[in-house]
Amino acid sequence: MEDIIREFLIESNENLDRLDSSLVELEKSPRDQALLADIFRTIHSIKGTTGFLGFPRLEKVAHAGENLLTFLRDGVLLLNPDITSGLLAMVDAIREMLELIDQTRSDGDKDCSELIETLHQLQNSSSTVGEITVPVCTQQVAAQEVAAPVAAQAVAAVAANQQPAASVQQNERPASTVPFNAQPAQETQLAEEQDVPQAEALAERSGENRRKEDAPVAADRRGGKERREVSSADSAIRVDVSLLERLMDLVGELVLTRNQIIQYAAAQRDSSFLAVSQRLNLVTTDMREIIMKTRMQPMQNIMGKFPRMVRDLALACEKQVRVEIEGQDTELDRTLLEAIKDPMTHLVRNSVDHGVEKPDVRRAAGKNPEGLLKLRAYHEGGQVNIEVTDDGAGINPEKLLAKAVEKGLVTRQQADQMKPHEINNLIFHAGLSTADKVTNVSGRGVGMDVVKTNIEKVGGTVDVQSVLGQGTTLRMKIPLTLAIIPVLIVRSAGHRFAIPQVSLLELVRLEGERSERAIELVHGAPVYRLRGNLLPLLFLRRELGLPSADSAAEIKVEDKKLNIVVLHVEGQQFGLVVDEIHDAEEIVVKPLGQHLKHIAAFAGATVMGDGQVALILDIMGLAKRAHLLSDVKKAVTQDVKLDAAGEEGMNKQEILLFRIANARRTAVPLSSVDRLEEFKPAQFERAGGQYVVQYRGELLPIANLSDKSDLATARDGEDTCNVLVCSIKDAAWESLSTRSLTSPTKTLRLNPAGKTAIPPVQQWYRIRSRTSWTWKLSWESPLRAAIH
Amino acid sequence: MNEKQYCTFFVNDLLFGVEVMEVQEIMSHHRVEPVPLAPDTVAGLVNHRGQIVTAIDMRKRLGFPAAASNAHSMMLIAHCREETFGLLVDKIGDVVSASSDDFEVTPENVTENAKELVEGAYKLPDRLLLPLRLEKIAEIVKQ
């Protein structure tokens, strides 16, 4: 019994999903008999099974719906928006009950008499179209009077036929004698019904449903393509996903065994054995491919839900939207399908709510009052492209930019230089919405950033194109499958690691002399000059805490070879130094167990061709671990900008170079330096745990950037200390005056000694082919910390 | 009288047991790929017929000193908490039927860590069999 119920639930849920789109479809072509018959069959079989399984409440609802559908099918009634809404409400009610059955094995005790009553009313009232309200089982009732044009057409049709039901039947009858629809049984029945009083006909009909149900199938056998779909449904079976995954694992194992046999066979002379191993090879390859295919599912599974969703949304927003779907058969890995479901739903909502204008606005703009939402999926270059296109208002770049400046996402200067494409992509920033009012559908400014992150999480990209007044296209590019990804295999400290190709930019290999001088240090942080730009470096050994040959050699590079894998993540580039670089390969990604999941540096693991396990590096996690994404990002972009400016001879900044520990060169912008002073050690005094110097009648706090803990003690060969007297642009004072000593004055002490705490490197400069860096002189953090 | 069957193994010369039904198989031939930055108790990853399995170093998990480096350890594959684990042990013992008559709860004088991991003790004729709580063993150790 339990099995039957489960089977019933799965099947019914699938059918209901199809029903949603079928009903919306039917709204467009209300006379489509095949479609009607299909809908009828679904409801009928649900009703039948529920009666058998003993869910009386569900049966009643389904029964009421079925009755209404009978009228539609027989042409007594013509579909109108009210009936559609009523039927959709019924579908929702059934779905709700199915869920309840799934959880509690009972169809609950919620009162559905109102819904049933409405369905009854609908079926008896072809003449009172538009006056019936649908019970609030769904939210789409908000705007009954704004119906989709197709629906409006239907209303008109019904209105034209506003005669007693019998005459409608008369009108319809000639149609049913057309060969395609020829169903003698039904015809005679129609004739009978004309004579029998309405109520009686009703009672009889439910009894005869079974017979009628078969008729369309028979008719189908002769005619169109619909029946091929029916039979394809018969040829499919349901398989547990975990079973498929297990099968996948086993095939992986088979592939490994095959590899070993092939290796073994290569050393053999027995020709029949060679032939057998050859065949094993072919069969295994085929098998692997086919097993991979079992994971693929058509886009239909998510796209099929959109027509209904758009219909409800459009009603709620008082808009008219037509949905066109293309490429439903495009296949995608099921995990990916799951991952893009929410982002895509969001995009569709956005398009309906923000994109498509209201009918009167559209008319005023000379457009078809009915908006068009196009969903398109297609394969391209080993990826799946998914487009959500609307022909609505488009993005207003000025409005968007103004909002972005207002929210402080970009500066006015940046805004002036942005290209249209860049402006449009601002919509992916968190907290930015151009919607004038927040609706329950969208407009809160959260969402697009989430869409972007979710898509990027699965290795995809999302991009927006928009023409003001003509519409917007959002294009997602999704990899075909997550299960198999192309990677680069590298080796460090004897371990193999896989780096996903998505984040890979290029490989740099330096040998001999060059490798020794290649790495420069920016205050201890290794960098490499890649075509003139500084590339921050990470050492994989160090990042993963692997043993290194010895710590000095780590930076010096062993064997005078240097392999840098240049990676990019979130627009930030960095180089990963590894011991060896191996081949590019396609690997099967396996998740890590719960013990290892939390290690940010790894995205998963894989079994290599030789049966060994290799870890897949999570580039983003690695960069985050090394704090590359927060600090250096800014530094590098500033650096690049500064370079560009410098080359054009503009915006040149004068800086003061000085040396601190280890003969490292450091710089501050000259504009922030008042004067250079020399003080004797004896002049330093301690006040409140920090050094001060009496300077021009004021106390000058000293920020000690050397590692000399005791400044006041004179050292051999050091009778003076060099001090930079700087003024600080203090947030409170807003004064940059250098003459007036009332402005807070602070100093940098410049002595060739020791190291400082990790300084916030603000910018990197290349000065006479050497690397220097400047202190951040806005004083927000480092020196303030040093002084206080 | 209630009998339970245990798959037994040795760690640091103590006899431990896991219920037979929880054990999938025993591997003698395996290569453990160490995972950098992993918790101490995780020995690494093992390819178990195409499935990647986390191997737990039972010596470390039970708080014993590390084995001599040349010791060839055995691996017990067990399913627990919706995940398959490999338990690295010193030596595999017999499958033992233990009667609940011989069972006693963990004595008070064992350490807290052990009390959590060990269910109690079966008094076998020649020695004690310590049944392990697999779900506790598989728990992530906070470091």
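Chains as they are written, first to last, in my numbering: chain Y, 904 to 1691; chain A, 3 to 145.
Every residue gets a Cβ at the ideal spot worked out from N, C-alpha and C, and that includes glycine.
Sub-8 Å separation of ILE1205/Y and LYS1261/Y beta-carbons: On the first sequence, position 302 is the one that residue 1205/Y refers to. On the first sequence, position 358 is the one that residue 1261/Y refers to. Taking 8 Å as the Cβ cut-off, ILE1205/Y and LYS1261/Y do not qualify as a contacting pair.
Chain A contacts from the stretch 1489-1516 of chain Y (Cβ-Cβ distance under 7 Å): LYS1493, GLY1496, GLN1497, HIS1498, LEU1499, ILE1502, ALA1504, ALA1508, VAL1510, GLY1514, GLN1515, VAL1516
Neighbouring residues, chain Y, relative to VAL48/A (Cβ below 9 Å): Against the second sequence, residue 48/A aligns to sequence position 46. Correct list: VAL1516.
Amino acids of chain Y, ordered along the chain, whose beta-carbon sits closer than 8 Å to that of VAL44/A: As a first step, residue 44/A must be located in the second sequence, where it is residue number 42. Within chain Y, the residues near VAL44/A are HIS1498, LEU1499.
Chain A within 8 Å of GLU1156/Y, Cβ atoms only: In the first sequence, residue 1156/Y corresponds to position 253, counting from 1. Yes, because at least one Cβ of chain A sits closer than 8 Å to the Cβ of GLU1156/Y.
Integer Cβ distance of LEU1495/Y from GLY1507/Y, believed to fall under 8 Å: Locating residue 1495/Y in the first sequence gives position 592, counting from the first residue. Locating residue 1507/Y in the first sequence gives position 604, counting from the first residue. The Cβ separation is near 6 Å, so the contact holds.
Alpha-carbon spacing of ILE1358/Y relative to MET1379/Y, whole angstroms: Residue mapping note: residue 1358/Y aligns to position 455 of the first sequence, counting from 1. Residue mapping note: residue 1379/Y aligns to position 476 of the first sequence, counting from 1. Taking the straight line from one Cα to the other gives about 8 Å.
Chain Y within 8 Å of ARG51/A, Cβ atoms only: Within the second sequence, the letter at position 49 stands for residue 51/A. Answer yes: the Cβ-Cβ gap between ARG51/A and chain Y drops below 8 Å somewhere.
GLU1446/Y, enclosing alpha helix (DSSP H) - first and last residue: Taking the first residue of the first sequence as 1, we reach residue 1446/Y at position 543. Per DSSP, GLU1446/Y belongs to the alpha helix (DSSP H) from 1443-1446.
Whole-Å CB distance - ASN1466/Y paired with ARG1412/Y, under 8 Å assumed: On the first sequence, position 563 is the one that residue 1466/Y refers to. On the first sequence, position 509 is the one that residue 1412/Y refers to. About 6 Å separates the two Cβ atoms, so the contact holds.
Interface flag, ARG63/A vs chain Y, CB-CB below 8 Å: Taking the second sequence and counting its residues from 1, one reaches residue 63/A at position 61. It does not; no Cβ of chain Y falls within 8 Å.
Chain A residues whose Cβ lies nearer than 7 Å to that of GLY1755/Y: There is no way to answer for residue 1755/Y, as the model of chain Y reaches only from 904 to 1691.
DSSP three-state assignment for PHE1587/Y, whether helix, strand or coil: Numbered from 1 along the first sequence, position 684 holds the residue referred to as residue 1587/Y. In the structure shown, PHE1587/Y sits in coil (DSSP, three-state: anything other than H, G, I, E or B).
CB contact below 8 Å: GLY1153/Y versus chain A: In the first sequence, residue 1153/Y corresponds to position 250, counting from 1. The question names Gly, yet the displayed sequence has Leu at residue 1153/Y. For LEU1153/Y, the answer is yes, since a Cβ of chain A falls inside 8 Å of its Cβ.
Residue closest to PHE1505/Y, alpha-carbon to alpha-carbon, out of HIS1498/Y, ILE1522/Y, GLN1497/Y: By one-based count along the first sequence, residue 1505/Y stands at place 602. When only C-alpha atoms are compared, the closest one is ILE1522/Y.
CB contact check: ILE54/A to chain Y, cutoff 8 Å: Here residue 54/A refers to the residue found at position 52 when the second sequence is read from its first residue. At least one chain Y Cβ lies under 8 Å of ILE54/A.
Beta-ladder partner(s) of ASN918/Y, from DSSP: The count along the first sequence starts at 1 and reaches residue 918/Y at position 15. The partner list for ASN918/Y (beta bridge, DSSP) is empty, contrary to what the question assumes.
Where ILE907/Y falls, given that 16 or more other Cβ within 10 Å makes a residue buried: For the purposes of this step, residue 907/Y is taken as the residue at position 4 of the first sequence. Exposed, since its Cβ has fewer than 16 Cβ neighbours within 10 Å.
Continuous beta strand (DSSP E) assignments of at least 3 residues falling wholly in the stretch 1175-1257 of chain Y: 1199-1201, 1224-1229, 1234-1236
Selected residue, minimal CA-CA separation from TYR8/A, among GLU141/A, ALA140/A, ILE142/A, ARG135/A: Mapped onto the second sequence, residue 8/A falls at position 6. For the residues GLU141/A, ALA140/A, ILE142/A, ARG135/A, the minimum Cα distance to TYR8/A belongs to ARG135/A.
CB of LEU1410/Y within 8 Å of CB of ALA1487/Y, strictly: Residue numbering aside, residue 1410/Y sits at position 507 when the first sequence is read from its first letter. Residue numbering aside, residue 1487/Y sits at position 584 when the first sequence is read from its first letter. Cβ atoms of LEU1410/Y and ALA1487/Y: not closer than 8 Å.
Outcome for ILE1140/Y when other beta-carbon atoms lying within 10 angstroms are tallied against a minimum of 16: Against the first sequence, residue 1140/Y aligns to sequence position 237. That one is exposed.
Contact check, ILE949/Y vs ILE997/Y, beta carbons under 8 Å: Here residue 949/Y is taken as the residue at index 46 of the first sequence, counted from 1. Here residue 997/Y is taken as the residue at index 94 of the first sequence, counted from 1. Taking 8 Å as the Cβ cut-off, ILE949/Y and ILE997/Y qualify as a contacting pair.
Nearest neighbour of SER75/A, chosen from VAL34/A, GLY122/A, THR113/A [CA to CA]: As a working mapping, residue 75/A is identified with position 73 in the second sequence. Checking every option, the nearest Cα to that of SER75/A belongs to VAL34/A.
Neighbour list for ARG33/A in chain Y, Cβ cutoff strictly below 9 Å: By 1-based counting over the second sequence, the position of residue 33/A is 31. Result: GLY1514, GLN1515, VAL1516.
Straight-line gap, GLU1289/Y to LEU1183/Y (C-alpha atoms, nearest Å): Within the first sequence, residue 1289/Y is the residue found at index 386, counting from 1. Within the first sequence, residue 1183/Y is the residue found at index 280, counting from 1. One point to set straight first is that residue 1289/Y is Ile, not Glu, in the sequence displayed. Whole-angstrom Cα-Cα distance: 38 Å.
Contact between the stretch 10-25 of chain A and the stretch 91-99 of chain A (3+ Cβ pairs under 8 Å): yes
Proximity test, Cβ basis, 8 Å: ILE142/A and chain Y: As a first step, residue 142/A must be located in the second sequence, where it is residue number 140. For ILE142/A, the answer is yes, since a Cβ of chain Y falls inside 8 Å of its Cβ.
For PHE1587/Y, the nearest candidate out of GLU1580/Y, GLN1163/Y, ARG1578/Y, GLN1597/Y (CA to CA): Translated into the one-based positions of the first sequence, residue 1587/Y becomes position 684. Per the Cα distances, GLN1597/Y.
Proximity of VAL1481/Y and ARG1420/Y at Cβ, strictly below 8 Å: Here residue 1481/Y refers to the residue found at position 578 of the first sequence. Here residue 1420/Y refers to the residue found at position 517 of the first sequence. No, the pair does not count as a contact, with Cβ atoms beyond the cut-off.
Cross-chain neighbours of GLU85/A in chain Y, by beta carbon under 8 Å: Residue mapping note: residue 85/A aligns to position 83 of the second sequence, counting from 1. Within 8 Å Cβ-Cβ: GLY1496, GLN1497.
Min CB distance LYS1537/Y to chain A below 8 Å: Counting from one through the first sequence, the residue named residue 1537/Y turns up at place 634. Residue placement at LYS1537/Y is flagged as unreliable, the pLDDT there being 43, under the threshold of 50; a coordinate-derived value is accordingly withheld.
Residues of its chain near VAL1308/Y, where Cβ-Cβ distance is below 8 Å and the 5 sequence neighbours each way are ignored: For the purposes of this step, residue 1308/Y is taken as residue 405 along the first sequence, with counting starting at 1. Correct list, in chain order: THR1314, ARG1315, ALA1318.
Reduced DSSP secondary structure (H/G/I, E/B, other) of PRO1382/Y: Start at 1 with the first residue of the first sequence, and residue 1382/Y comes out as number 479. Residue state, collapsed to three classes: strand.
Cut-off 6 Å between Cβ atoms - residues of its own chain near ASP104/A, not counting five sequence neighbours on either side: Your numbering for residue 104/A matches position 102 in the second sequence. If we look at ASP104/A and ignore the five residues flanking it on each side, its Cβ neighbours are TYR124, LYS125.
ASN1288/Y, enclosing alpha helix (DSSP H) - first and last residue: To locate residue 1288/Y, count along the first sequence from 1; it is residue 385. Not the alpha helix (DSSP H): ASN1288/Y falls in the beta strand (DSSP E), residues 1286-1293.
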